[in-house]
Amino acid sequence: MYVIIMGGTGMLGRALTDALLMRQHTVSIFTREPERRRGLPPTVRLLQWTPQSPGAIAKHLREADVVVNLMGENIAASRWTPARKRALVASRVETGRVLASAIRLAQPRPKVLLQASAVGYYGDRGDDLVGESTPPGDDFLARLCVEWEASTATVEGLGVRRAVLRTGVVLSQEGGALPRLLWPLRLGLGGPLGTGRQWVPWIHIADHVGAMIFLMTHEKAEGVFNLVAPTPVTNAELTRALAQRLHRPAFFRVPAFMLRLLFGEMSSVLLASQRVLPNRLLDAGYAFRYPVLNAALDNLLAPRMA
1 MYVIIMGGTG
11 MLGRALTDAL
21 LMRQHTVSIF
31 TREPERRRGL
41 PPTVRLLQWT
51 PQSPGAIAKH
61 LREADVVVNL
71 MGENIAASRW
81 TPARKRALVA
91 SRVETGRVLA
101 SAIRLAQPRP
111 KVLLQASAVG
121 YYGDRGDDLV
131 GESTPPGDDF
141 LARLCVEWEA
151 STATVEGLGV
161 RRAVLRTGVV
171 LSQEGGALPR
181 LLWPLRLGLG
191 GPLGTGRQWV
201 PWIHIADHVG
211 AMIFLMTHEK
221 AEGVFNLVAP
231 TPVTNAELTR
241 ALAQRLHRPA
251 FFRVPAFMLR
261 LLFGEMSSVL
271 LASQRVLPNR
281 LLDAGYAFRY
291 PVLNAALDNL
301 LAPRMA
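Quick note on the numbering used here: the sequence shown kicks off at 1 and runs consecutively.
Next comes the structure, spelled out in structure tokens:
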């Protein structure tokens, strides 16, 4: 199987690349930042992303069986100023539209497209159980996810099987949320965010990668899938579990007003409550390696704590 990954130099893309290569598949990566090749296996071909030329992109796509679109600026890298919001939208929505145009031009076309999205689609849902049929929220991140998902929807009319990945909080040793959560705890300054009662839809990176490969290879897998573990936890429970493994206290609760002061509108990423379940992924037959938080953290933290 030949897989092209868009945005493959990030945490998820690199983990997916490694897993595909281990299974003897061929991988190429479209990237906006060729200098980030460092650390990629030498067998991976790096392709220059040329949004002004969908035809040039299409020449590469016609060789692929699967395209995975993970492109997008880091949502939590900085405050959401008007300029930052425009960059977040452009890197997702405009990129998706260019990709859809390139797939339309490609002959033959890829058989499968995995389209990234996020559980931010749902907005703040309190204690409600959230499945794939739950309607979108109405904040900036929810509206962004709606546009992001729609950006490649036209490929479905071209005979391309499309699966949309609404990703939760990915736990990994290599980056993302986990190091940011661990840093204050290691200093003895950690604690719940806001009330701590908000639900966190987490997933171990091994399961995120496993789910992506599962969706690539299962011919009936199409539509929206929540890529989260089946056992969401509250922020307080997550913080307590991390603190216990580090043998550190977790008494320093961070008030919601302080998070809003520090991060502005972006604080919604930390404070929104999303009790999201992977209903369609489970119904399709995916078996989680790490369905509960304790097992996931034992796997991720034990090597570093040994």
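Virtual Cβ for every residue (Gly too), placed ideally from N, Cα, C.
Host beta strand (DSSP E) of residue i (start-end)
| i | result |
| --- | --- |
| residue 204 | 202-204 |
| residue 227 | 223-227 |
Minimum C-alpha distance to residue i - residue among the options
| i | options | result |
| --- | --- | --- |
| residue 82 | 217, 140, 248 and 245 | 140 |
| residue 213 | 129, 16 and 265 | 16 |
| residue 5 | 63, 220, 300 and 267 | 63 |
| residue 56 | 103, 94 and 76 | 103 |
| residue 206 | 186, 286, 86 and 156 | 286 |
| residue 26 | 35, 264, 13 and 44 | 44 |
Start-to-end residues for the alpha helix (DSSP H) that takes in residue i
| i | result |
| --- | --- |
| residue 140 | 140-150 |
| residue 269 | 268-271 |
| residue 106 | First-last for residue 106: undefined, no H or E at that position. |
| residue 89 | 82-89 |
Residue i vs residue j beta-carbon contact at 8 Å
| i | j | result |
| --- | --- | --- |
| residue 278 | residue 239 | no |
| residue 308 | residue 228 | This structure cannot settle anything about residue 308, because the visible part of the chain is limited to 1 through 306. |
| residue 105 | residue 68 | no |
| residue 124 | residue 302 | no |
| residue 65 | residue 11 | no |
| residue 42 | residue 21 | no |
| residue 178 | residue 171 | yes |
| residue 166 | residue 112 | no |
| residue 163 | residue 99 | no |
| residue 282 | residue 230 | yes |
6 Å CB neighbourhood of residue i in its chain, flanking five on each side removed
| i | result |
| --- | --- |
| residue 159 | none |
| residue 60 | 47 |
| residue 236 | 192 and 196 |
| residue 71 | 6, 7 and 95 |
| residue 267 | 259 and 260 |
Nonlocal neighbours in the same chain, by C-beta distance under 7 Å from residue i, ignoring five residues either side
| i | result |
| --- | --- |
| residue 241 | 293, 294 and 297 |
| residue 148 | 92, 93, 96 and 117 |
Identity of the residues DSSP links to residue i by a beta bridge
| i | result |
| --- | --- |
| residue 30 | 6 and 47 |
| residue 116 | 165 |
Short CB-CB distance (under 8 Å) between residue i and chain D
| i | result |
| --- | --- |
| residue 86 | In the structure shown, chain D cannot be found, because there is only a single protein chain. |
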